[in-house]
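Some notes on the structure that comes next.
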Amino acid sequence: METMEGKVWKFRDSIDTDVIIAGRYLRTFSPDDLASHVMEAEDPEFADKVQKGDIIVAGWNFGCGSSREQAPVALKHAGVSAIVAKSFARIFYRNAINVGLPVIIADVEAQEGDVLRINLENGLIQNITTGKNFQIQPFKDFMLEILADGGLVKHYLKEKEAGSTQ
Numbered sequence: 001m002e003t004m005e006g007k008v009w010k011f012r013d014s015i016d017t018d019v020i021i022a023g024r025y026l027r028t029f030s031p032d033d034l035a036s037h038v039m040e041a042e043d044p045e046f047a048d049k050v051q052k053g054d055i056i057v058a059g060w061n062f063g064c065g066s067s068r069e070q071a072p073v074a075l076k077h078a079g080v081s082a083i084v085a086k087s088f089a090r091i092f093y094r095n096a097i098n099v100g101l102p103v104i105i106a107d108v109e110a111q112e113g114d115v116l117r118i119n120l121e122n123g124l125i126q127n128i129t130t131g132k133n134f135q136i137q138p139f140k141d142f143m144l145e146i147l148a149d150g151g152l153v154k155h156y157l158k159e160k161e162a163g164s165t166q
């Protein structure tokens, strides 16, 4: 997986899945429709302002609440390339990886608007704006493969196809 670089959007502790995508929008299966309402409860203009490649930096317990897979889907389709938080709700973490959205447990010093560069393979987060570096646990190869393939289902289908051609 290549290095990610993007502008920081800063969020508080305990951002729950209802804040990420409100229940009233769960009637749609369109990732684009979900993305158009992402983080509306926290910042009504977020979906209009976020750009492809941007990175969320948050506090503790990001993604708590219900187990809806639409929350990481909405973030990914809005353009968020990664989420860095001090901790994640376990089911949100799993759902994010399953849809191909990198989630990184780390305590980084970053302000909204800073630019971060993240390399999951070597375990380095660089705050380009401030010049500070943060070492994280490098992702294991199988996790990098799942993320590079766009999520667990796409990874499985790629592996299945590769197995049938041998």
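Counting along the sequence shown from 1, when you hit position 55 you're at 55 in full-length UniProt numbering, and nothing is skipped either side. Glycine included, every Cβ here is placed at the ideal spot set by N, Cα and C. Just so you know, these numbers come straight off a predicted model, no measurement behind them.
Per the DSSP calculation, residue i is bridged to which residue(s)?
i	result
Val103	Ile83
Met39	Looking at the DSSP assignment, Met39 forms no beta bridge with any residue, so it has no partner.
Leu116	Gly6, Asn127
Phe62	Phe88
Specify, as a first and last residue, the run of the alpha helix (DSSP H) that residue i falls within.
i	result
Arg90	90-98
Phe46	46-49
Ala58	Element bounds for Ala58: not the alpha helix (DSSP H) but the beta strand (DSSP E), 55-58.
Asp18	17-20
Lys76	70-78
Using the C-alpha atoms, what's the distance from residue j back to residue i?
i	j	result
Asp109	Phe29	Residue identity differs from the one stated: residue 109 is Glu in this sequence, not Asp. Taking the straight line from one Cα to the other gives about 36 Å.
Lys7	Val84	12 Å
Cys64	Ile91	8 Å
Ile20	Met4	22 Å
Leu116	Val73	22 Å
Glu40	Ser14	15 Å
Mind checking residue i: buried by the 16 CB within 10 Å criterion, or exposed?
i	result
Ala96	buried
Which residue spans inside the segment 120-160 form an unbroken beta strand (DSSP E) run of at least 3? For the beta strand (DSSP E) assignment, the uninterrupted runs of no fewer than 3 residues enclosed by the segment 120-160 are, from N- to C-terminal side, 124-127, 133-135.
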